[in-house]
Amino acid sequence: AENVIEKDTVIIGSGPGGYVAAIRAAEYGQSVTVIEKSDTVGGVCLNVGCVPSKALIAAGNRLKQDRDSSVYGITTTGAEIDFAKTQEWKKTKVVDRMTNGVNMLLKKHKVEIINGEAYLDSDTQLRVMPSGPRQFMDNGGGQTIKFKNLILATGSRPVEIRGFKFNKRIIDSTGGLNLPEIPKEFVVIGGGYVGSELAGAYADLGAHVTILEGTGQIIPNFEKDMVSIVKKSLEAKGVTIITNAMAKKADETDNDVTVTYEVDGKEATVKADYCMVTVGRRPNTDNFGLEMTNVKTTDRGLIEVDEQGRTSVPNIYAVGDIVPGPALAHKAFFEAKVAAGAISGKNTANDFIGVPAVCFTDPELASVGLTKDQAKDKGIETNVAKFPFAGNARAVSLDEAEGFVRLVSDKKTGTLIGGQIVGPGASELVSELSLAINCQLNAEDLALTIHPHPTLGEPVQEAADILIGYPTHL
Ligand code: FAD
2 AENVIEKDTV
12 IIGSGPGGYV
22 AAIRAAEYGQ
32 SVTVIEKSDT
42 VGGVCLNVGC
52 VPSKALIAAG
62 NRLKQDRDSS
72 VYGITTTGAE
82 IDFAKTQEWK
92 KTKVVDRMTN
102 GVNMLLKKHK
112 VEIINGEAYL
122 DSDTQLRVMP
132 SGPRQFMDNG
142 GGQTIKFKNL
152 ILATGSRPVE
162 IRGFKFNKRI
172 IDSTGGLNLP
182 EIPKEFVVIG
192 GGYVGSELAG
202 AYADLGAHVT
212 ILEGTGQIIP
222 NFEKDMVSIV
232 KKSLEAKGVT
242 IITNAMAKKA
252 DETDNDVTVT
262 YEVDGKEATV
272 KADYCMVTVG
282 RRPNTDNFGL
292 EMTNVKTTDR
302 GLIEVDEQGR
312 TSVPNIYAVG
322 DIVPGPALAH
332 KAFFEAKVAA
342 GAISGKNTAN
352 DFIGVPAVCF
362 TDPELASVGL
372 TKDQAKDKGI
382 ETNVAKFPFA
392 GNARAVSLDE
402 AEGFVRLVSD
412 KKTGTLIGGQ
422 IVGPGASELV
432 SELSLAINCQ
442 LNAEDLALTI
452 HPHPTLGEPV
462 QEAADILIGY
472 PTHL
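Every position in the sequence shown, counted from 1, becomes a number in UniProt numbering once 1 is added.
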């Protein structure tokens with residue numbers, strides 16, 4: 002046919018799944034083409050997810066620390082913020098810098114990047130349309146590409162709920178990251194990790210925040226005793242947390258938005274400058290012609306894959322938010338490397354015992370492997386040990402002595418099977434636990450590993466000491 006080009010390995014999407022698959026496949030000697038509809042590479046994570054959210058959280062932490070430094074005997078006067086400058090810094094010095102970096106890496110690995118929107122025609126062919134409205138679809142326009150192998154990495158998008166149409170004052174997480182000003186009143190619907198992280202950031206920046214959470218607990222994927230520490234800290238920042246709250250509708254004017262919700266059968270309203278809806282994300286599997294292929298999806302719209310990321314069509318792979326498992330960037334990175342290896346004939350496989358999950362609240366939450374309850378559900382008897390940051394000199398000298406490290410081991414074998422951390426630096430500390438769990442270390446291995454003093458990492462060793470029956474600072 003006319004206007005058909007042939008490619009070896011084609012990847013749709015340049016987020017954590019797509020760009021890492023591209024780099025790894027190129028390292029394995031593949032000729033790689035990435036199709037990305039957005040103007041920049043990096044996907045949600047770099048442009049409107051992990052990275053800009055951490056930048057805002059960091060700005061909030063700085064401001065709060067400056068304002069709260071009296072505990073050290075320091076008097077600060079007039080710590081002020083020019084939010085336009087914060088946003089400019091986030092865009093140019095953080096997001097642009099990181100996306101440019103990914104662009105350079107792709108070029109270095111001779112990956113071809115096509116800017117456009119991919120639509121699948123069959124198990125071996127797709128079309129690329131100019132990004133934007135889809136008027137080209139019906140007349141069969143666009144560039145047709147035949148591929149040998151395809152990796153789908155199309156990611157996910159925010160869920161919209163009835164009565165809350167995204168607009169100027171009713172916004173999704175992307176709007177929440179790019180606010181032109183610090184709101185005086187900010188309503189967050191959905192206290193999952195995205196909602197709670199940004200609620201904390203804006204509270205640190207000076208907003209009064211209300212979280213409306215539909216279930217009985219915010220950040221429900223972490224254990225209650227961990228979340229209660231974060232809840233207390235959010236409330237100390239002035240955040241109002243309303244659980245079991247059903248958001249019903251939002252009435253938007255040019256200047257504000259009034260949110261109606263129901264608790265215990267009673268209706269109430271809250272007025273705010275902005276209302277951010279963060280109630281979950283939907284996989285992008287319904288908007289690019291997947292139905293033209295034989296790729297099977299689950300009833301939740303996720304793509305079924307084997308342990309190498311291969312779909313029901315042998316030459317099509319899928320990674321990242323569109324496959325089952327936690328929708329996290331580092332999980333996408335891992336799957337991407339596995340799929341790139343599989344295409345290149347390597348003996349790679351996904352093994353998910355050690356996927357850490359982190360929530361960048363204040364203090365941070367981190368968890369890897371199994372909790373005590375999850376182990377019990379699997380019929381595994383456990384030993385559990387918990388060491389508080391209150392007993393850690395470094396945490397105390399940082400004035401951040403809230404929280405704990407908990408280790409879970411298999412009672413029979415002594416092998417570490419899980420770990421949970423709430424406290425300062427949890428996001429960094431959890432990697433040691435991931436390593437331990439991945440390498441099937443036991444408590445003794447951690448207890449006999451010398452940790453430098455005084456550091457936030459010591460509670461890991463202290464918890465291991467408890468597990469082997471010889472607590473030191475407890
Ligand atoms: P995405 O990053 O969604 O990338 C998909 C790419 O595919 C996009 O660039 C899109 O434009 C492109 N695309 C889609 N369809 C087509 C098509 N038909 N043609 C061409 N291109 C297409 N995760 C963490 O691990 N840590 C965090 O701290 C964290 N924070 C987050 C904060 C927020 C506010 C949000 C929203 C998410 C956060 N995440 C975090 C989740 C993380 O961003 C995702 O798990 C990750 O981006 C998924 O990567 P992906 O490659 O599957 O897809």
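Glycine included, each C-beta is placed from N, C-alpha and C at the ideal position.
query: Given this structure, state the Cα-to-Cα distance separating G19 from F167, to the nearest angstrom.; result: 27 Å
query: What span of residues does the beta strand (DSSP E) with Q144 cover, start to end?; result: Q144 to L153
query: State the DSSP-derived secondary structure class of F137, mapped to helix, strand or coil.; result: For F137, the pLDDT reaches just 47, beneath the cut-off of 50, and the residue's location in the model is therefore unreliable, leaving the point undetermined.
query: Taking DSSP as the reference, what is the three-state secondary structure of V356?; result: coil
query: Would DSSP call H454 helix, strand or coil?; result: coil
query: Just to check, is the beta-carbon of N285 closer than 6 Å to a non-hydrogen atom of the ligand FAD?; result: yes
query: Once the 5 residues before and after V306 are set aside, which same chain residues still bring their CB inside 6 Å of it?; result: T312, A319 and V324
query: A319 bridges to which residues according to DSSP?; result: L153
query: Report buried or exposed for K38, applying the criterion of at least 16 other Cβ atoms within 10 angstroms of its Cβ.; result: buried
query: Could you check whether the stretch 203 to 223 touches the stretch 333 to 353, counting it as contact only if at least three pairs of C-beta atoms, one from each stretch, sit closer than 8 Å?; result: no
query: Within this structure, are the beta carbons of A202 and G61 separated by less than 7 Å?; result: yes
query: Just to confirm the assignment: which complete alpha helix (DSSP H) runs, minimum length 4, are found wholly within the stretch 328 to 395?; result: 330 to 344 and 373 to 378
query: When you measure from the CB of D122 to every non-hydrogen atom of the ligand FAD, does any distance come out below 6 Å?; result: no
query: Starting from F84, follow its DSSP beta bridges and name the residues at the other end.; result: For F84, which the question treats as bridged, DSSP gives no partner whatsoever.
query: Rounded to whole angstroms, what is the Cα-Cα separation between residue 505 and I75?; result: Nothing in the structure corresponds to residue 505, since the chain is present only between 2 and 475.
query: Comparing alpha-carbon positions, which option in L206, A246 and Q462 lies nearest T450?; result: Q462
query: Assign V278 to one of three DSSP states: helix, strand, or coil.; result: strand
query: Could you have a look at G18 and say whether DSSP puts it in helix, strand or coil?; result: helix
query: What's the gap between the Cα of L178 and the Cα of L430?; result: 26 Å
query: Relative to the alpha-carbon of G143, which residue among R407, I6 and V356 has its alpha-carbon at the smallest distance?; result: I6
query: Do you know how far the Cα of H452 is from the Cα of G30?; result: 41 Å
query: Just to check, is the beta-carbon of A391 closer than 6 Å to a non-hydrogen atom of the ligand FAD?; result: no
query: Does the ligand FAD have even one heavy atom less than 6 Å from the beta-carbon of G142?; result: no
query: Grab me the residues of M138's own chain with a C-beta within less than 6 Å of its C-beta, minus the 5 sequence neighbours each way, in chain order.; result: Any reading at M138 must be qualified, since the residue scores a pLDDT of 49, below 50, and its modelled position is unreliable; the value itself is stated next. Closer than 6 Å at the Cβ level, and outside the excluded window around M138, lies no residue.
query: Considering only heavy atoms of the ligand FAD, does any lie closer than 6 Å to the CB of A427?; result: no
query: What's the call for A35, buried or exposed, on a 16-neighbour Cβ count within 10 Å?; result: It is Val, not Ala, that sits at residue 35 in the sequence shown. Buried, since its Cβ has 16 or more Cβ neighbours within 10 Å.
query: Counting only the same chain and skipping the five closest in sequence on each side, list residues whose C-beta sits under 6 Å from that of Q136.; result: Any answer about Q136 is weak, because its pLDDT of 49 lies below 50 and its placement is not dependable; what the coordinates show is given next. The answer is none, since no qualifying residue turns up.
query: Taking the beta strand (DSSP E) that R128 falls in, what are its first and last residues?; result: Q126 to M130
query: Sort G156, P181 and T456 by Cα distance to A85 and report the nearest one.; result: P181
query: If you measure from the CB of K8, is any heavy atom of the ligand FAD nearer than 6 Å?; result: no
query: Using a C-beta cutoff of 7 Å, does L468 count as contacting chain B?; result: Given the protein chain composition of this structure (a single chain), no chain B is represented.
query: Measure the Cβ-Cβ separation of S435 and V359 and say whether it is below 7 Å.; result: no
query: Below 6 Å, is the gap between the Cβ of L329 and the nearest heavy atom of the ligand FAD?; result: yes
query: What do you reckon, is the C-beta of C46 under 6 Å from a heavy atom of the ligand FAD?; result: yes
query: At 4 residues or longer, and completely inside the stretch 47 to 103: list those alpha helix (DSSP H) runs for me, N to C.; result: 51 to 68 and 84 to 89
query: Considering Cα atoms alone, identify which of I58, A465 and G370 is closest to E224.; result: G370
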